Amino acid sequence: MSVLVDDDLWSAVGDPTRRRLLDLLLNEGGGTATGLSEHLPVTRQAVAKHLAVLDRAGLVHATAAGREKRYRVDQERLARAVAQLTAVGEAWDGRLRRIKRIAETIQRESQQ
Amino acid sequence: MEHGTIEREIHIDASPEVVFDVVSSPEHLREWWPDEAEYPVVPGGSGRIGFGDTWMRFTVVDAAPPRLFSFRWTHEEGETAAPGNSFLVVFELEPAGTGTLLRMTESGFRERGWDEAKTAAEYADHVTGWDFYLPRLQVYAPKAAA
């Protein structure tokens, strides 16, 4: 697993429109830029660009479908990206819970 | 998210002065994160935090009690902490009722790549972190992709 690939993964799923695209692709089982743009407040061209980013990160794969490409989600790769995103976030969740507990204990003891 | 930032916000039933002390002082840091912490709580103050046998560089960026504390960590020995060689953690504190709204952001992941970020998180939270969340990840990750 190279650092470069992981960086692509991170930036690919970091964008809200691309996360929405992944949701749509997962729900519909796949889709084209034209079809997907009907569900989003962005142009077909913008959707095509986002799909290209997801493709480069390996999160979706394209197959020819008439004049357009049809995209599907690579579920294994998405699961890996989600796990990585979640890992660092959860580490902080644990630390913040401890910060809260410590600060509230100090506050209570100082008021007694 | 776009630039590789973790963002969290929590309410704490303690005054900003108390919360500031907990997030900034080496004595308290040891209670919620590393095993050891040695650094002066002043802007530019340089030191280290330790996890078992592993030490990591730690440099205070801003210390403005009771509303802001930020630091960079994981830069190499001998390097000056800067974007690209370290992660930046910012704590912002705001009075909220009788307590404090604490905002935390950690950034620098995109600049450094994910493997490194994950490794740092793993080291930094190995005592309570991974044991707690690995089983949850195993449940969560497949569900997110399903």
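Chain order of the listed sequences is A and B.
With the working numbering as the guide, the letters of the first sequence map in order to residues 3 to 114.
With the working numbering as the guide, the letters of the second sequence map in order to residues 1259 to 1404.
For every residue, glycine included, the Cβ atom is placed at its ideal position computed from N, Cα and C.
Note that this is a predicted model, so its numbers are computed, not measured.
Residue burial is scored here from C-beta neighbours: residue 113(A) has fewer than 16 other C-beta atoms within 10 angstroms and is therefore classed as exposed.
Excluding sequence positions up to five before and after residue 1287(B), its CB lies within less than 6 Å of the CB of 1295, all in the same chain and listed in chain order. A distance below 6 Å between beta-carbons, with the five flanking residues on each side excluded, links residue 1362(B) to the following residues of its chain, in chain order: 1266, 1349.
Note that the region 1316–1328 of chain B touches the region 1273–1286 of chain B; at least 3 beta-carbon pairs, one per stretch, sit closer than 8 Å.
Residue 1308(B) and residue 1285(B) have their C-alpha atoms spaced approximately 13 Å apart.
Sequence-ordered contacts of the region 1270–1293 of chain B with chain A read 1270, 1271, 1272, 1273, 1276, 1277, 1280, 1281, 1286, 1289, 1290, 1291 [C-beta pairs closer than 7 Å]. Against chain B, a Cβ distance below 8 Å from residue 106(A) picks out 1270, 1271, 1272. Residue 63(A) sits in a strand when the DSSP states are folded into three classes. Note on geometry: alpha-carbon atoms of residue 1343(B) and residue 1305(B) lie some 16 Å from one another.
Scanning 109(A), 108(A), 102(A), 110(A) for the CA closest to the CA of residue 1270(B) turns up 102(A).
In this structure, the CA atom of residue 1365(B) is about 23 Å from the CA atom of residue 79(A).
Listed in chain order, the positions of the region 78–98 of chain A with a beta carbon within less than 8 Å of a beta carbon of chain B are 78, 80, 81, 82, 84, 85, 86, 88, 89, 90, 91, 92, 93, 94, 95, 96, 97, 98. DSSP places residue 1293(B) outside any beta strand (DSSP E), giving it a letter other than H or E.
Taken through DSSP and simplified to helix, strand or coil, residue 40(A) comes out as coil. Cβ-Cβ distances below 7 Å link residue 1293(B) to 1308, 1309, 1310 in the same chain, with the five nearest sequence neighbours on each side left out; the list follows chain order. Per DSSP, residue 1322(B) is one residue of the beta strand (DSSP E) stretching across 1312–1322.
Relative to the Cα of residue 1313(B), the nearest Cα in the group 1302(B), 1291(B), 1341(B) belongs to 1291(B). Going by beta carbons, residue 56(A) and residue 22(A) fall outside the 9 Å limit. With contacts defined as CB atoms closer than 9 Å, residue 82(A) and residue 34(A) fail to qualify as a contacting pair. Within the same chain, Cβ atoms closer than 8 Å to the Cβ of residue 1283(B) are found at 1299, the five residues on either side in sequence being excluded. Under DSSP, residue 1269(B) shares a beta bridge with 1359(B). Taking 9 Å as the CB threshold, residue 109(A) lines the interface with chain B. For residue 26(A), same chain residues with a beta-carbon under 7 Å away, outside a window of 5 residues either side, are 33, 38, 41 in chain order. When secondary structure is reduced to three states using DSSP, residue 1263(B) falls in the strand class.
Each of 48(A), 29(A), 18(A), 86(A) was checked against the Cα of residue 75(A), and the nearest Cα belongs to 29(A). Annotated three-state conformation of residue 1335(B) is coil, per DSSP.
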